[in-house]
Amino acid sequence: MERKWLIEKRGHLTQLEAADLVGISRGAYANIEIGNRNPSVKLAKKIADVFDFHWTLFFAEEVVDSKQKRVAV
Numbered sequence: 012m013e014r015k016w017l018i019e020k021r022g023h024l025t026q027l028e029a030a031d032l033v034g035i036s037r038g039a040y041a042n043i044e045i046g047n048r049n050p051s052v053k054l055a056k057k058i059a060d061v062f063d064f065h066w067t068l069f070f071a072e073e074v075v076d077s078k079q080k081r082v083a084v
């Protein structure tokens, strides 16, 4: 699932510029942004630090409710 919120946080920067700030390749950053890859906790914290949000947002896009149904956040 595409992380539209991350694209918004990136603002006017290109994926390459964002990736350079984080210290990863543009391809790796793009895969995280479009949802093909989940970052490690360490990388999630680094991206969150660069773009000023809480790192747990990466892992809150889909949760399991008390009845074991998947719910989009």
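Start counting the sequence shown at 12; every next residue gets the next number (this note's numbering). Virtual Cβ for every residue (Gly too), placed ideally from N, Cα, C. The model shown is predicted, which means the values in this text are computed figures rather than measured ones.
Closer than 7 Å by C-beta to residue i: which residues in its own chain qualify, once you throw out the five before and the five after it? Chain order, please.
{"i": "E40", "result": "The residue you asked about is not Glu; residue 40 is Tyr in the sequence shown. Correct list, in chain order: Q26, A29, A30, V33."}
How many Å lie between residue i and residue j at the Cα?
{"i": "V75", "j": "G38", "result": "At V75 the pLDDT is 46, less than 50, meaning the model places this residue with poor confidence and gives no usable figure here."}
{"i": "H23", "j": "N42", "result": "19 Å"}
{"i": "H65", "j": "A59", "result": "6 Å"}
Measuring CB to CB, does residue i end up less than 8 Å from residue j?
{"i": "R21", "j": "F62", "result": "yes"}
{"i": "E8", "j": "I45", "result": "For the chain, the structure presents residues 12 to 84; residue 8 sits outside this window and is missing."}
Cutting at 8 Å between CB atoms, please list the residues of its own chain near residue i, excluding the five before and the five after it.
{"i": "S36", "result": "A30"}
{"i": "R48", "result": "A39, N42"}
Tell me the residue span of the alpha helix (DSSP H) that contains residue i.
{"i": "I58", "result": "52 to 62"}
{"i": "W66", "result": "Careful: W66 lies outside any alpha helix (DSSP H) and carries neither H nor E."}
{"i": "I18", "result": "15 to 21"}
{"i": "N42", "result": "37 to 44"}
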